[in-house]
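J.:
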Amino acid sequence: MSFSGTPLDDDDLLTQVLLFLPSPSSLGHASLVCKRWHQLISDPRFHRRFCACHQKPPLLGVFSTDSICSGNIYFTPTPDSPDHTPAVARLVVCLGSGSEILGCRHGRLLASNWARHHFCVWDPITGDQRHVTFPQAFDGRRKVVMNGALICVAREQSHVHGSCCSGPFQVVLLGRTARRIFACVYSSETGAWGNCTSILRGHFRAVSANHSSTRVGNSICWLLTGQSLAILEFDMHLQRLAVIEVPSDALDPDNFIQVSIMPADGGGLGFLVLSYSIIQLWRRKDTCDGVAEWVLRNTIEMSSTLSLRPQSLVENPPLILGFAEEDNVLFLFIDFDIFMLNIGSVKFKKLAEDMGYRLCHPFTSFYIPGMGIGSGHGGVQIQHNA
């Protein structure tokens, strides 16, 4: 049987063409061509194939809060966000008084609500919202919740993070007593918390509230504060906690510094030190003796790159607001503006919206304009900033 139409009249051929469009933003434009194109693009099977074809979801923007008391969560698009994403730039999501963002990973946001004694796992694209109640032992007296982290645990070989939607996930809870730090894992597949593992607290007071968790391989890491700095590592496979020392050569007590942890370029754990206009990037690597050591990999001079006077950065020291671990992008508060610094290319981009000083929780996802964010909210109260 002969085919007399054009190649784009064949759904299979058209689907192949649409799969190789360069970005989810392109799909949003293509879906407006006609009803048939819209139906093909909105099919969940097409969405899965598109994600598998492109592998890495784009960085859409950042979520932030004005204060824990309000429970208001704001979304601000990045400069390279899809064309229609700025339409939700003023979006405010209220997850309830006492809510605090703990981080975004794999297309979902994790927030804690100390007053209601639960975590909230929220997919901003679909609006799906799941509440995970703290274990009963964490009653706020002897055992206190410190922090948490969220990871997708979809096991399909074709699965691409950023299209996780309602797939299985785990929440890692960190807690403490007077003497020990605990870790416990919740599984959405079993609907239950596993056994706790613990480590002596020593002189560490808490997990830094100004830094989200970082995933490195099979481990989740947090920055510990107290009489000194250290890194707390939880191995997901071994279900074991460990404390990692930070590079002592990187910490200069005579200079104003900020630090952050991140995945290192080429794999492994990275440590970032910001001192006025200088950024140092350290990487933890194993030696031939099997002993891990810190090695200085790169130094970035910000004042020359941004054409700023070094003295201005001394008078108004920059602040670290967040890190996008999948994009190697650092968010900095510099001279009363928020900048994105791509660590690999050493290129800066300024966020268009004036956010003031708020911690940034970068959000990546395969969002198709007009088919997702803000369209369904799973019971979340939506407001719009005036």
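For the sequence shown, UniProt numbering begins at 1 and goes up steadily by one.
C-beta atoms are modelled at their ideal positions from N, C-alpha and C, and glycine is treated no differently.
#1: Hey, out of F336, R176, G167, R205, whose CA is closest to residue 387's CA?
#2: Tell me, to the nearest whole angstrom, how far the beta carbon of V329 is from that of L59; I am working on the premise that it is less than 8 Å.
#3: So within the region 325–355, which uninterrupted beta strand (DSSP E) runs reach at least 3 residues, ignoring any that extend past its ends?
#4: If contact is defined by three or more beta carbon pairs under 8 Å, each pair taking one atom from either stretch, is the region 117–131 in contact with the region 174–181?
#5: Taking contact to mean at least 3 C-beta pairs separated by less than 8 Å, is the region 145–152 in contact with the region 99–116?
#6: Using a 10 Å radius around the Cβ and a threshold of 16 neighbouring Cβ atoms, would you call S64 buried or exposed?
#7: In this structure, how does DSSP classify C288 when only helix, strand and coil are distinguished?
#8: Less than 8 Å between C-beta atoms, sequence neighbours within five positions excluded: which residues of the same chain meet that for E189?
#9: What number of angstroms, rounded off, separates the C-alpha of D252 from the C-alpha of Q258?
#10: Do you know offhand how far I220's Cα is from E233's?
#11: What does DSSP give as the partner residue(s) for E233 in the beta ladder?
#12: What are the uninterrupted segments assigned as beta strand (DSSP E) that are 3 or more residues long and contained completely in the region 110–158, given in chain order?
#13: Measuring alpha carbon to alpha carbon, tell me which residue in L21, A209, L14, R201 is nearest residue 392.
#14: What residue does the beta strand (DSSP E) around H361 start on, and which one ends it?
#15: Hey, is the region 283–293 in contact with the region 302–319, meaning 3+ C-beta pairs nearer than 8 Å?
#16: Buried or exposed for G175, going by 16 or more other Cβ atoms inside 10 Å?
#17: Determine whether the beta carbon atoms of I279 and I261 lie at a separation below 7 Å.
#18: Would you list the residues sitting across from T299 in a DSSP beta bridge?
#19: Taking all protein chains shown into account, do 16 or more other C-beta atoms lie within 10 angstroms of the C-beta of E325, making it buried, or fewer, making it exposed?
#20: Expressed to the nearest angstrom, what Euclidean distance is found between the alpha-carbon atoms of L18 and P362?
#21: Could you spell out the range, first to last residue, of the beta strand (DSSP E) harbouring T197?
#22: CB N218 to CB H203, shorter than 7 Å?
#23: At the level of alpha carbons, what is the spacing between S212 and W122?
#24: For V243 versus A230, is the C-beta distance shorter than 7 Å?
#25: Evaluate R283 with the Cβ neighbour count: other Cβ atoms within 10 Å of its Cβ, from every protein chain shown; 16 or more gives buried, anything less gives exposed.
T.: The answer reads as follows:
#1: Because the chain spans 1 through 386 in this model, residue 387 falls outside it and cannot be assessed.
#2: 7 Å
#3: Those beta strand (DSSP E) runs which fall completely within the region 325–355 and span 3+ residues are 329–334, 337–342, 347–350.
#4: no
#5: yes
#6: buried
#7: coil
#8: V153, P168
#9: 11 Å
#10: 6 Å
#11: C221, A242
#12: 118–122, 129–133, 144–152
#13: What the structure shows of the chain is the stretch from 1 to 386, and residue 392 is not part of that stretch, so it cannot be assessed.
#14: 361–364
#15: no
#16: buried
#17: Not closer than 7 Å, so no.
#18: Q280
#19: Taking all protein chains shown into account, E325 has 16 or more neighbouring C-beta atoms within 10 Å of its C-beta and is therefore buried.
#20: 28 Å
#21: 197–200
#22: no
#23: 16 Å
#24: yes
#25: buried
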